[in-house]
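Quick notes on the structure that follows.
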Amino acid sequence: MADPDDGGLSPEEILRKAEEAFNGGCRLFEAGHLPEAIAAFMRALELYRQVEGTERQQAGCLGNTGLALGRVGRYEEALTAFQQALVAAYRTLPDTELQQAKCLLDTGTTLRRVGRYEEALTAYRDALALFRTLPGTERQQAACLGNTGLALGRVGRYEEALTSYRDALDTYRTLPDTERQQANCLLNTGLALGGVGRYEEALTSYRDALDTYRTLPDTERQQANCLLNTGNTLVEIGRYEEALTSYRDALAAYRTLPDTERQQANCLLNTGNTLVEIGRYEEALTSYRDALAAYRTLPDTERQQAKCLNNTGNTLYGVGRYEEALTAYRDALAAYRTLPDTERQQANCLLNTGLALGGVGRYEEALTAYRDALAAYRTLPDTERQQAKCLLNTGNTLRGVGRYEEALTAYRDALAAYRTLPDTERQQTDCLLNTGNTLYGVGRYEEALTAYRDALAAYRTLPDTERQQANCLNNTGVTLVEIGRYEEALTAYRDALAAYRTLPDTERQQANCLLNTGLALGGVGRYEEALTAYRDALAAYRTLPDTERQQANCLLNTGVTLRGVGRYEEALTAYRDALAAYRTLPDTERQQTDCLLNTGNTLVEIGRYEEALTSYRDALAAYRTLPDTERQQAKCLNNTGVTLRRVGRYEEALTIYQQAADFLRILPGTQKDQVACLFNTGVTLDEVGRYEEARTSYRRALTPAIISALKSNTARFQFPTEHDRLTWLTERAEPSLDLALRLASINDQPALISDLIATFRTGGSIDTTRLTTQGRTTTLGLITPNLTTHPEPNPHPTTPTPTGLALTASPPLGTDAVLSANLPRRPGPVLHMPHHRTALADYQQDDDTTRPHAHYR
Numbered sequence: 001m002a003d004p005d006d007g008g009l010s011p012e013e014i015l016r017k018a019e020e021a022f023n024g025g026c027r028l029f030e031a032g033h034l035p036e037a038i039a040a041f042m043r044a045l046e047l048y049r050q051v052e053g054t055e056r057q058q059a060g061c062l063g064n065t066g067l068a069l070g071r072v073g074r075y076e077e078a079l080t081a082f083q084q085a086l087v088a089a090y091r092t093l094p095d096t097e098l099q100q101a102k103c104l105l106d107t108g109t110t111l112r113r114v115g116r117y118e119e120a121l122t123a124y125r126d127a128l129a130l131f132r133t134l135p136g137t138e139r140q141q142a143a144c145l146g147n148t149g150l151a152l153g154r155v156g157r158y159e160e161a162l163t164s165y166r167d168a169l170d171t172y173r174t175l176p177d178t179e180r181q182q183a184n185c186l187l188n189t190g191l192a193l194g195g196v197g198r199y200e201e202a203l204t205s206y207r208d209a210l211d212t213y214r215t216l217p218d219t220e221r222q223q224a225n226c227l228l229n230t231g232n233t234l235v236e237i238g239r240y241e242e243a244l245t246s247y248r249d250a251l252a253a254y255r256t257l258p259d260t261e262r263q264q265a266n267c268l269l270n271t272g273n274t275l276v277e278i279g280r281y282e283e284a285l286t287s288y289r290d291a292l293a294a295y296r297t298l299p300d301t302e303r304q305q306a307k308c309l310n311n312t313g314n315t316l317y318g319v320g321r322y323e324e325a326l327t328a329y330r331d332a333l334a335a336y337r338t339l340p341d342t343e344r345q346q347a348n349c350l351l352n353t354g355l356a357l358g359g360v361g362r363y364e365e366a367l368t369a370y371r372d373a374l375a376a377y378r379t380l381p382d383t384e385r386q387q388a389k390c391l392l393n394t395g396n397t398l399r400g401v402g403r404y405e406e407a408l409t410a411y412r413d414a415l416a417a418y419r420t421l422p423d424t425e426r427q428q429t430d431c432l433l434n435t436g437n438t439l440y441g442v443g444r445y446e447e448a449l450t451a452y453r454d455a456l457a458a459y460r461t462l463p464d465t466e467r468q469q470a471n472c473l474n475n476t477g478v479t480l481v482e483i484g485r486y487e488e489a490l491t492a493y494r495d496a497l498a499a500y501r502t503l504p505d506t507e508r509q510q511a512n513c514l515l516n517t518g519l520a521l522g523g524v525g526r527y528e529e530a531l532t533a534y535r536d537a538l539a540a541y542r543t544l545p546d547t548e549r550q551q552a553n554c555l556l557n558t559g560v561t562l563r564g565v566g567r568y569e570e571a572l573t574a575y576r577d578a579l580a581a582y583r584t585l586p587d588t589e590r591q592q593t594d595c596l597l598n599t600g601n602t603l604v605e606i607g608r609y610e611e612a613l614t615s616y617r618d619a620l621a622a623y624r625t626l627p628d629t630e631r632q633q634a635k636c637l638n639n640t641g642v643t644l645r646r647v648g649r650y651e652e653a654l655t656i657y658q659q660a661a662d663f664l665r666i667l668p669g670t671q672k673d674q675v676a677c678l679f680n681t682g683v684t685l686d687e688v689g690r691y692e693e694a695r696t697s698y699r700r701a702l703t704p705a706i707i708s709a710l711k712s713n714t715a716r717f718q719f720p721t722e723h724d725r726l727t728w729l730t731e732r733a734e735p736s737l738d739l740a741l742r743l744a745s746i747n748d749q750p751a752l753i754s755d756l757i758a759t760f761r762t763g764g765s766i767d768t769t770r771l772t773t774q775g776r777t778t779t780l781g782l783i784t785p786n787l788t789t790h791p792e793p794n795p796h797p798t799t800p801t802p803t804g805l806a807l808t809a810s811p812p813l814g815t816d817a818v819l820s821a822n823l824p825r826r827p828g829p830v831l832h833m834p835h836h837r838t839a840l841a842d843y844q845q846d847d848d849t850t851r852p853h854a855h856y857r
């Protein structure tokens with residue numbers, strides 16, 4: 001609207017006032033008073049519009065108004081002003097090509113600032129084309145090229161951007177007083193080179209830019225930018241210490257400059273990230289804390305604050321401070337939920353929360369976090385890798401809480417997901433290894449062996465997986481022991497030990513291999529070698545922190561083995577040392593009690609019966625305080641009865657045997673123990689002259705004893721080597737046959753004796769039978785010493801990083817199978833044997849028709 005005071009003015013006076021307003025606007029613009037400058041230019045435009053023939057001046061007012069509007073962030077109004085200047089004025093006037101080109105250049109810069117990069121590129125191209133038709137515009141041409149590079153970089157067209165920067169730099173180098181612009185080109189070239197991964201060239205550009213800026217006044221801000229970008233690039237190529245120096249120098253520079261609080265916070269955040277990379281976690285936490293405090297003083301930094309919180313959580317997790325990590329993840333998640341387009345970051349927080357919850361044993365909550373993370377990732381594109389990671393960690397957690405079947409499903413789904421993704425061979429193999437561990441946990445040993453074999457084969461094709469290969473071998477050994485394939489287990493342990501010995505920081509695993517080797521050697525009767533393995537394992541554990549439990553396990557297994565070879569005094573020493581060690585450790589009451597029971601067994605062997613009775617009494621009292629020890633209590637009672645009989649306290653022995661029998665009747669899988677109890681009862685009744693009662697006990701023991709002998713004989717055919725079969729025959733089958741023969745003799749059953757001997761001599765294939773006596777079915781095997789323990793893979797998931805890690809077998813936990821006292825023997829009558837095996841035909845065959853049979857010619 002025209003000023004009322006202008007109504008009576010002549011055109012000359014209006015022109016004078018317009019020129020005054022325009023010149024005043026220019027002075028205000030130069031002084032930085034931009035709102036006042038905008039008002040002055042608009043006043044001048046209004047005046048010029050009242051005078052004919054002032055289109056050129058009107059265009060000048062519009063152009064300057066656009067520049068000032070752009071400076072105050074009113075970009076859309078600026079674009080309107082430039083468009084009006086260009087279309088309504090300059091393009092209708094002759095000899096305005098230069099002004100048109102400048103207007104296009106300013107339009108492009110404004111479009112770039114509002115993110116309209118493709119339109120900006122068009123404006124820069126048109127401006128450059130015009131400038132190239134005009135002499136003396138090399139400087140403006142270079143400006144067009146430099147700004148074109150900026151826009152191309154914003155849309156990821158880095159190679160084209162590099163061409164633009166190179167052309168701009170070449171042009172500026174032909175012009176005087178353009179050192180600042182040349183430095184800008186070098187800085188921007190570094191950014192574009194980083195975008196295409198040419199980091200070494202980027203570092204050269206930043207260095208050249210920094211050197212140039214340092215020759216120019218008032219470039220401290222640009223120098224700091226060079227230092228910050230240099231640090232970022234050094235991180236990309238793993239030169240972390242140099243990166244820290246660059247960040248430190250950049251931070252120091254920014255702190256001398258006004259309005260750089262945001263850049264200072266960025267330096268602190270990047271410093272924290274770099275410190276994490278080199279394991280300086282406490283310093284990283286300090287940097288993150290300082291960065292967060294700085295961001296909280298700045299507007300529009302909620303996203304950076306959330307990033308600080310998430311990274312703090314990751315670092316706390318890395319140093320095992322899981323509760324604090326959970327707090328950081330919770331705060332980060334809450335922050336991200338207030339921000340648009342952060343669904344991916346929210347899912348990351350949930351995944352990391354699951355890992356931290358697992359670290360503090362809150363497994364059910366961890367499963368919920370993984371489920372929520374998986375659901376979130378499934379709504380996002382390009383998150384198949386993260387989905388697979390959720391499934392893998394879900395499997396680890398389910399295994400940790402004993403939900404093995406669900407864990408197997410999770411591992412299967414994770415494996416299927418990883419197989420659709422490139423460069424996930426390592427994760428696929430981790431799934432196979434963890435699947436093997438889980439199959440072991442549910443007793444599916446053959447399937448576990450297949451999984452370990454497949455994992456081992458896969459790891460052998462991957463670099464830097466020697467540790468995982470060793471884990472596969474160790475776990476294979478553990479599993480082979482479970483199914484009695486001791487020789488193969490020994491080979492696996494030997495290979496695992498050899499592999500671990502080539503790796504740093506595996507002393508603990510090496511000791512585990514030695515201990516497990518001892519257990520396997522004991523399984524095949526190579527006791528002296530087993531003792532050597534236990535001794536070596538013990539020596540290794542004693543050099544390692546926090547292995548007191550494993551040392552006690554070595555001592556206990558050493559005692560069991562020494563007793564097995566008749567070195568009773570040494571066994572007693574080993575048990576005493578093991579007991580003393582366990583008593584210093586929490587949650588070892590069961591192992592302490594095992595030591596007491598085994599001590600009693602050994603004292604019996606050397607005739608120290610009263611001390612043995614004390615040990616059995618203490619063991620029984622201790623077992624009674626522990627859950628699920630009814631079987632061990634029965635063994636204490638049975639062995640107490642044997643010892644009382646040996647010292648002539650027959651009535652007490654019979655009372656104890658009865659207590660043991662009452663226990664055993666209610667326990668599944670104790671038929672062998674029931675045979676021992678019945679036999680020992682019969683022997684004791686014989687010795688006090690109660691012969692009819694003794695015969696009743698012998699008669700009741702006969703049927704299960706024969707079944708045990710037949711099963712022991714059949715079981716030897718499952719062993720792959722002759723050595724293992726002979727060991728089984730010597731230590732399991734022959735004692736079982738001996739007891740069955742004695743009972744058959746006592747019960748005057750010569751046909752059974754003949755048939756049993758013939759069966760064992762020919763090595764024929766005989767199915768397990770079921771014997772029915774007095775209307776009651778009893779299936780059992782003979783009690784024999786068990787010198788091995790069964791190590792299990794670690795049930796707890798460990799994931800310090802977002803990737804799930806393959807878990808290895810933990811060291812064995814001592815012997816939870818205790819030894820029964822030797823059964824008393826008595827001679828049988830001279831028997832006449834029938835020629836044919838007919839007696840056993842009266843016994844029904846067992847339902848198990850799947851057991852493998854050996855066939856001999």
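Residues 1 to 857 in the numbering used here are what the sequence shown spells out, letter by letter. For every residue, glycine included, the Cβ atom is placed at its ideal position computed from N, Cα and C. Predicted model only: the values in this text are computed from it and were never measured.
Residue i, DSSP secondary structure in three states
i	result
V276	helix
N314	helix
V114	coil
I757	helix
D249	helix
S615	helix
D218	coil
Q749	coil
V478	helix
L244	helix
P545	coil
I14	helix
E282	helix
Contact set for residue i: own chain, Cβ-Cβ below 6 Å, skip 5 residues either direction
i	result
A705	V675, L739, A740, L743
T529	Contrary to the premise, residue 529 reads as Glu rather than Thr in this sequence. If we look at E529 and ignore the five residues flanking it on each side, its Cβ neighbours are L521.
A183	A209, T212, Y213
Q345	Y336
Y370	G354, C390, N393, T394
L449	T479
L227	S246, D249, A250
Same chain only: Cβ atoms within 8 Å of residue i, ignoring 5 sequence neighbours per side
i	result
I666	E630
Cutoff 7 Å; reference residue i; Cβ partners in own chain excluding five residues on either side
i	result
T502	E466
D126	L104
Neighbour-count burial assignment, residue i, 16 or more Cβ in a 10 Å radius
i	result
P735	buried
N680	buried
R549	buried
G293	In the sequence as displayed, the identity of residue 293 is Ala instead of Gly. A293 comes out exposed.
R337	exposed
R485	buried
G63	buried
T315	buried
V604	buried
A334	exposed
Residue-chain proximity (residue i, chain B), Cβ-Cβ < 7 Å
i	result
S615	Of the chains in the structure shown, none is chain B; there is only one protein chain.
Any non-hydrogen atom of the ligand GTP closer than 6 Å to residue i Cβ
i	result
E138	Questions concerning the ligand GTP fall outside what the structure shown contains, since it holds no ligand whatsoever.
Inside the region 679-707 only - beta strand (DSSP E) runs reaching at least 3 residues: none
Alpha helix (DSSP H) segments (min. 4 residues) lying fully within the region 80-138: 97-113, 117-131
Unbroken stretches of the alpha helix (DSSP H), 4 residues or longer, contained in the region 598-684: 609-623, 630-646, 650-665
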